[in-house]
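Going line by line, the protein sequences match chains A and B.
Residue numbering for the first sequence follows my numbering, starting at 1 and increasing by one per position.
Residue numbering for the second sequence follows my numbering, starting at 1 and increasing by one per position.
Just so you know, even glycine gets a beta-carbon here, dropped at the ideal spot from N, CA and C.
Protein chains: 2
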Amino acid sequence: MMFSTKAEYGVRVMAHLAGRPGDEPTSLGSIAETEGLPLAYLEHLVQRLRRAGLVESRRGAHGGYSLARPAQEIAMAEVVRALEGEIAPIECITSSPDGSLVCAREGESPCPTKLLWTRVQGSIVRTLNEMTLADLVRPTTMKEKLPA
Amino acid sequence: MMFSTKAEYGVRVMAHLAGRPGDEPTSLGSIAETEGLPLAYLEHLVQRLRRAGLVESRRGAHGGYSLARPAQEIAMAEVVRALEGEIAPIECITSSPDGSLVCAREGESPCPTKLLWTRVQGSIVRTLNEMTLADLVRPTTMKEKLPA
DNA sequence: GCAATACCTAGTCCGTGGGTAGGATTACTT
DNA sequence: AAGTAATCCTACCCACGGACTAGGTATTGC
């Protein structure tokens, strides 16, 4: 697999929060329980989400987490990036501040394989940007419903 | 990074082979030297490529490796799959024999996140299938040439 | 004050990536 | 026949990160 459980669990937490439309925060404990995920581990992940400004927290009793923005304004690329770090298929491909793709292997003859990895990265980032959290909680096209 | 150096190095080896159009095999030693990669490690990778039927080998003196098929008939998805194993963004998403995508988490309520990962996988596999080895050695569009 | 929660730091365990080492086999060359 | 250049194969090693666990501190509601 190419993404770790950090992305998997983290996305599930976000989807869970998006499903609770009330502005009352949801405790991580309840999320961990209903999702069947280890609480202590989720704490790490949700911190990443918080530092990225994707969720807000309220401490103390009846505290918990809630989305920092409406679900349809949260691109999945942000979520995955917050959880996994920069999205790059291989190390030598990273995106510079201006958004263009850079090959880290500088002086060398430009890797003939650069074209491949840039395209792969492009397609990943594009699909991740096209989807928002809202698409997860109420899927846009449900045509591929599983047969019995 | 989402793919390991297995994919990176392996693709470079394939691109190297594609650049040597003669049917004389190329020794791994010379590839390792010109590409600046560790020979002993490449030996492992190239075995995967061989077992996948992507390269052919000739043993003994003046032996080496050559492409099993013309470069334009080798989809990069095959290469990456041979090197990295099944292409799946996360563990629960895998492709069944008939090509459809399956969520491993069976009885459970189908992960609401499935839609996300299937799309991501779909876009990766699609771009990887659209490109062939030939595209790497003589890129189709060379517009994004690096500035001095 | 007490309980429930978020927050923080540290540490553990284990698999895998990224190699090395060393030999066995095969085939060309002389 | 010997030597040598290569593939092939098995085994091993080490460091790093993923996937947690543990234990404490700070904050808030009741």
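- What three-state label does DSSP hand Gly-107 of chain A in the structure shown? Because the pLDDT at Gly-107 of chain A is just 47, under 50, the model does not fix this residue reliably, and the value given afterwards should be weighed accordingly. Gly-107 of chain A: coil per DSSP, three-state reduction.
- Let me know if Ser-123 of chain A comes out buried or exposed under the rule of 16 or more other beta-carbons within 10 Å of its beta-carbon. With 16 or more other Cβ atoms within 10 Å, it is buried.
- Is Ala-75 of chain B helix, strand or coil when you go by DSSP? strand
- Under 8 angstroms Cβ to Cβ from Val-120 of chain B, same chain only, skipping five residues before and after it: list those, please. Pro-89
- Item | Backbone CA spacing between Arg-59 of chain A and Leu-37 of chain B [nearest angstrom] | Whole-angstrom Cα-Cα distance: 52 angstroms.
- Message: Taking 8 angstroms as the limit between beta carbons, can you name the residues of its chain near Glu-78 of chain B, skipping five residues before and five after?
- Response: Ala-52 and Leu-54
- With 16 other CB atoms within 10 Å as the buried threshold, where does His-44 of chain B fall? exposed
- Query: Asn-136 of chain B versus chain A: which residues are under 8 angstroms apart at the beta carbon?
  - Reply: In the sequence under discussion, the amino acid at residue 136 of chain B is Leu, which differs from the Asn named in the question. The contacting residues are Pro-112, Thr-113, Leu-115 and Leu-116.
- Gly-22 of chain B, buried or exposed, once every other Cβ within 10 Å from all chains shown has been counted against 16: exposed
- Report the neighbours of Ala-15 of chain A on chain B: residues whose CB is nearer than 7 angstroms to its CB, in chain order. Against chain B, the beta carbon of Ala-15 of chain A has neighbours under 7 angstroms at Pro-112 and Thr-113, listed in chain order.
- Proximity test, Cβ basis, 8 angstroms: Arg-119 of chain B and chain A: yes
- Start and end of the beta strand (DSSP E) containing Glu-91 of chain B? First-last for Glu-91 of chain B: undefined, no H or E at that position.
- Item | Same chain only: Cβ atoms within 8 angstroms of Leu-42 of chain B, ignoring 5 sequence neighbours per side | Tyr-9, Val-13, Leu-28, Ile-31 and Ala-32
- Task: Take Met-2 of chain B as the anchor and find which of A:Met-131, A:Asp-135, A:Val-137 and A:Val-80 has the nearest alpha-carbon.
- Result: A:Val-80
- Task: Within the stretch 6-80 of chain A, note down every full beta strand (DSSP E) run reaching 3 residues or more, in order along the chain.
- Result: 55-58 and 64-67
- Message: Since Met-76 of chain A and Thr-132 of chain A should fall inside the 8 angstroms C-beta cutoff, what is the C-beta to C-beta distance between them, to a whole number of angstroms?
- Response: 7 angstroms
- Task: Mind checking which residues open and close the alpha helix (DSSP H) that includes Ser-123 of chain B?
- Result: 114-130
- Contact with chain A by Ile-124 of chain B, beta-carbon distance below 8 angstroms: yes
- Determine the burial state of Pro-16 of chain A: buried for a count of at least 16 other Cβ atoms within 10 Å of its Cβ, exposed for fewer. According to the sequence shown, residue 16 of chain A is His rather than Pro. That one is buried.
- Task: For Asn-129 of chain B, I'd like the list of residues in its chain whose CB is within less than 7 angstroms of its CB, leaving aside the five on either flank, ordered along the chain.
- Result: Ala-75 and Ala-77
- Item | Beta-carbon contacts of Leu-136 of chain A that lie in its chain and below 6 angstroms, excluding the five residues immediately before and after | Cβ neighbours of Leu-136 of chain A beyond the five flanking positions: Ala-15.
- Message: Within 10 Å of its beta-carbon, does Thr-26 of chain A have 16 or more other beta-carbons around it, so buried, or fewer, so exposed?
- Response: buried
- Query: Out of B:Arg-126, B:His-62, B:Lys-114 and B:Leu-115, which has the shortest C-alpha to C-alpha gap to Leu-116 of chain A?
  - Reply: B:Arg-126
- Query: Hey, how far is the Cα of Pro-70 of chain A from the Cα of Ala-7 of chain B?
  - Reply: 38 angstroms
- Message: Taking 8 angstroms as the limit between beta carbons, can you name the residues of its chain near Gly-19 of chain B, skipping five residues before and five after?
- Response: Val-137
- Message: Suppose contacts are defined by Cβ-Cβ distances below 8 angstroms. Is Val-11 of chain B in contact with Thr-113 of chain A by that definition?
- Response: Yes, these two residues count as a Cβ contact at 8 angstroms.
- Environment of Thr-118 of chain B [buried if 16+ CB atoms lie within 10 Å]: buried
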